[in-house]
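Enquirer:
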Amino acid sequence: MPLSTVLKTPLTGEYTQPTGLWINNEWVEGVDKKTFEVINPATEEVICSVSEATEKDVDIAVKAARKAFNGVWKTTTPQQRGIYLTNLADLIEKNSDLLAAVESLDNGKSISMARGDVKAVAGCIRYYGGWADKIEGKTIDIDPQSFHYTRQEPIGVCGQIIPWNFPLLMLAWKIGPALATGNTIVMKTAEQTPLSALVFANLVKEAGFPAGVLNIISGLGKVAGAAIASHMDIDKVAFTGSTPVGRAIMKAAASSNLKKVTLELGGKSPNIVFDDADIEQAISWVNFGIYYNHGQCCCAGSRVYVQEGIYDKFIAAFKKRAEENHVGDPFDEKTFQGPQVSQLQYDRIMSYIEHGKESGATVLTGGGRHGDKGYFIQPTIFSDVTADMKIMKEEIFGPVAAIAKFKTEEEVVHLANDSAYGLAAAIHTGDLNTAIRVSNSLHAGTVWVNSYNLLHHQLPFGGYKESGIGRELGEAALANYTQTKSVAIRLGGALF
Ligand code: ADP
535 MPLSTVLKTP LTGEYTQPTG LWINNEWVEG VDKKTFEVIN PATEEVICSV
585 SEATEKDVDI AVKAARKAFN GVWKTTTPQQ RGIYLTNLAD LIEKNSDLLA
635 AVESLDNGKS ISMARGDVKA VAGCIRYYGG WADKIEGKTI DIDPQSFHYT
685 RQEPIGVCGQ IIPWNFPLLM LAWKIGPALA TGNTIVMKTA EQTPLSALVF
735 ANLVKEAGFP AGVLNIISGL GKVAGAAIAS HMDIDKVAFT GSTPVGRAIM
785 KAAASSNLKK VTLELGGKSP NIVFDDADIE QAISWVNFGI YYNHGQCCCA
835 GSRVYVQEGI YDKFIAAFKK RAEENHVGDP FDEKTFQGPQ VSQLQYDRIM
885 SYIEHGKESG ATVLTGGGRH GDKGYFIQPT IFSDVTADMK IMKEEIFGPV
935 AAIAKFKTEE EVVHLANDSA YGLAAAIHTG DLNTAIRVSN SLHAGTVWVN
985 SYNLLHHQLP FGGYKESGIG RELGEAALAN YTQTKSVAIR LGGALF
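At position 222 of the sequence shown (counting the first as 1) the number is 756 in this note's numbering, and the numbers step up by one without a gap.
#1: For the region 801–814 against the region 958–975, are there 3 or more C-beta pairs whose distance is under 8 Å?
#2: Could you pull the start and end residues of the alpha helix (DSSP H) that I669 belongs to?
#3: By the DSSP assignment, the alpha helix (DSSP H) with P778 in it spans what residues?
#4: Which whole-angstrom value is the C-beta distance of Y998 and A978, which I expect to be below 8 Å?
#5: Excluding sequence positions up to five away, which residues of its chain have a Cβ less than 7 Å from the Cβ of Y618?
#6: Specify the secondary structure class of N629 as computed by DSSP and reduced to three states.
#7: Is C692 closer than 8 Å to D640 when the C-beta atoms are compared?
#8: What residue range is occupied by the uninterrupted beta strand (DSSP E) comprising T796?
#9: Does the distance between the C-beta of A782 and the nearest non-hydrogen atom of the ligand ADP fall short of 7 Å?
#10: If we count the other Cβ atoms within 10 Å of its Cβ and call it buried at 16 or more, is T610 buried or exposed?
#11: Can you list, in chain order, the residues of its chain with a C-beta nearer than 7 Å to that of L545? Leave out the 5 residues immediately preceding and following it.
#12: Hey, how far is the Cα of K597 from the Cα of G932?
#13: Please state the DSSP three-state secondary structure of S511.
#14: Following the continuous beta strand (DSSP E) through W607, name the residue where it begins and the one where it ends.
#15: If you compare alpha carbons, which of A921, A787, Q877 is closest to F910?
#16: When you compare only the Cα positions, how much space is there between D566 and T588?
#17: Assuming E936 and R837 are in contact, meaning their beta carbons sit under 8 Å apart, how far apart are those beta carbons, in whole angstroms?
#18: Would a C-beta distance cut-off of 8 Å place I783 and V592 closer than the cut-off?
#19: Are there any heavy atoms of the ligand ADP lying less than 7 Å away from the beta-carbon of P697, as far as the coordinates show?
#20: Can you tell which of L622, E842, A595, E857 has the C-alpha that lies nearest to the C-alpha of H904?
#21: Using the C-alpha atoms, what's the distance from P697 back to A921?
#22: DSSP three-state label for A756, please.
#23: Could you pull out every unbroken alpha helix (DSSP H) segment of at least 4 residues lying fully inside the region 704–754, listed in chain order?
#24: The beta strand (DSSP E) spanning C658 covers which residue range?
#25: Counting only runs that start and end within the region 957–989, where is the beta strand (DSSP E) found for 3 or more residues in a row?
#26: How would you label S764, buried or exposed, when you count the other beta carbons within 10 angstroms and need 16 or more for buried?
#27: Pick from P612, A654, P678: whose alpha carbon is nearest that of G1026?
#28: Using a threshold of 7 Å, is the CB atom of L754 nearer than that to any non-hydrogen atom of the ligand ADP?
#29: Residue range of the alpha helix (DSSP H) that W819 falls in?
#30: Counting only the same chain and skipping the five closest in sequence on each side, list residues whose C-beta sits under 7 Å from that of K542.
#31: Figure out for me which residue from A731, A666, E928 has the closest Cα to the Cα of L705.
#32: What residue from N974, T1016, L988 has the CA that sits closest to C833's CA?
#33: Would you kindly work out how many angstroms separate the C-alpha atoms of A954 and F940, rounded to a whole number?
#34: When burial is assigned at 16 or more other CB atoms within 10 Å of the CB, is S1020 buried or exposed?
#35: Runs of 3 residues minimum, wholly inside the region 906–954: which ones carry the beta strand (DSSP E) assignment?
#36: Using only the alpha-carbon positions, how far apart do G823 and V983 sit?
Here is the structure:
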């Protein structure tokens, strides 16, 4: 099959879409010449087909990454690694319209949000470029007869498996710290959204990265993803996606070569509105918390707890606000919410909505399909949701908010923490003491106060409990990609 095809977006007109596997700084076909179709979620039509990596292709990519790790990448100075990353950030900015347009085409996210993602991608890569020559060990003074120091060494060949909700951003969060610290990579994108990463791959060589340092392959989770998780020559696997797949990856790592594992998994994050909150502001943030990226966020604020004094006023105003969200064509500049990513996700979300209706929760707004083509779902709010209902407990990953009323701070802290997940949480209050006290009590890796979804590459992000292992972003992410070596030098004199 050809290694590229000409596609068109409303923003860019025609462009050349790579469709092969990016291995060793070259476009190649898969060994078995398999392909899979990529669907436009706004129209349900096939966009194109791309090469599908099998176990054999994973193996070829791992060999390329191993050769680069042991060779050219080992002799590349940290400063030079930083220069490659900042070159890449410049190229992302230069190609930002194309990257954003391809992201919208393939994922269905609104073009304004795709532009925001691409800006964040460049910011993240530039930030980790800055870290490359600041990876330092320590000297440790133990006794005058010896000299001890530590080195922060790269882990080796890293397998990285990313989801479809933020295809480029998740790629950036993963490759930034891994490359800055001197690792090499085999990256597998999600089968629903391979296209933007393939456009991105063209920039890797242009930025100067040597062959084999960053390999990007499209493939299915059960085939290429599973091959990465169980590969005997991958030293570390980093995964973002659902909790069940995270468990499977950890098991595969354990039963193969005990590769290091970091996981960023699901969530069911509480968003708490106290009586003393600025209600207009709180509604904006609750709306943004659940409907941003069509609810397809691991940290979506999907459990909304509102204190009894403002409950009625809040739900009336939130309903009005949700109904004003513009749902439609991702390429329309006014659009806030595009389609869900796939038929499978659409069906999953609709079955949760049906379940919510059957279990007696009130549909305040939405609850159905939007339009007659594409995987669009109306922004949906359930009120009177009780703690035992599935829609309050399980991750829906769609534009569905579940609201419940609470009386006291103690009660809401208990409700908020009564979850297997612990990715994020938010509090809306006018009282600083409440904000700090409740933030300290919540079991979550991130707590937003009077805001939501404020993520930044300088700030660590990750989960408590079943929401994950390890932290992405910030300085914290460097620890995922380095291992400490202690060196002890005897300066002289016999020990005994
Ligand atoms: P979702 O259910 O939201 O699609 P997944 O957790 O299934 O999310 O997918 C996230 C990523 O994990 C994708 O790149 C997918 O291909 C990959 N994946 C799915 N199943 C497996 C598996 N068994 N082993 C490794 N990777 C997998």
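We put the CB at the ideal spot given by N, CA and C, even for glycine.
Expert: So, from the data block:
#1: yes
#2: Where I669 is concerned, there is no enclosing alpha helix (DSSP H), given that its DSSP letter is neither H nor E.
#3: Its alpha helix (DSSP H) spans residues 777–789.
#4: Between Y998 and A978 a beta carbon distance of about 6 Å is seen, short of the 8 Å cut, so the two are scored as contacting.
#5: A741, G742, F743
#6: In the structure shown, N629 falls within a coil segment according to DSSP collapsed to helix, strand and coil.
#7: No; because the gap between Cβ atoms is not below 8 Å, this pair is not in contact.
#8: 794–798
#9: yes
#10: buried
#11: Closer than 7 Å at Cβ, skipping near neighbours: D631, A635, I645, F865.
#12: Looking at the two C-alpha atoms, the distance is approximately 39 Å.
#13: Outside the modelled stretch of the chain, which goes from 535 to 1030, sits residue 511, for which no answer is possible.
#14: Counting along the chain, W607 falls outside any beta strand (DSSP E), and DSSP gives it neither H nor E.
#15: Q877
#16: 8 Å
#17: Residue 936 is actually Ala in this sequence, not Glu. Indeed they touch by this definition, with Cβ atoms about 6 Å apart.
#18: no
#19: Taking 7 Å as the cut-off, one finds at least one heavy atom of the ligand ADP near enough to the beta carbon of P697.
#20: Taking each of L622, E842, A595, E857 in turn and checking the Cα distance to H904, the smallest one comes out for E857.
#21: 29 Å
#22: Just to set this straight, residue 756 is Lys in the shown sequence, not Ala. Three-state DSSP puts K756 in a helix.
#23: 729–740
#24: Here C658 belongs to no beta strand (DSSP E); instead the alpha helix (DSSP H) covers 645–665.
#25: Every beta strand (DSSP E) of 3 residues or more that sits fully in the region 957–989 is shown, in chain order, as 958–962, 980–983.
#26: buried
#27: P678
#28: Yes, the beta carbon of L754 sits closer than 7 Å to at least one heavy atom of the ligand ADP.
#29: 813–825
#30: E548
#31: A731
#32: Selected option, being the one with the closest Cα: L988.
#33: 20 Å
#34: exposed
#35: 914–917, 934–940
#36: Taking the straight line from one Cα to the other gives about 12 Å.
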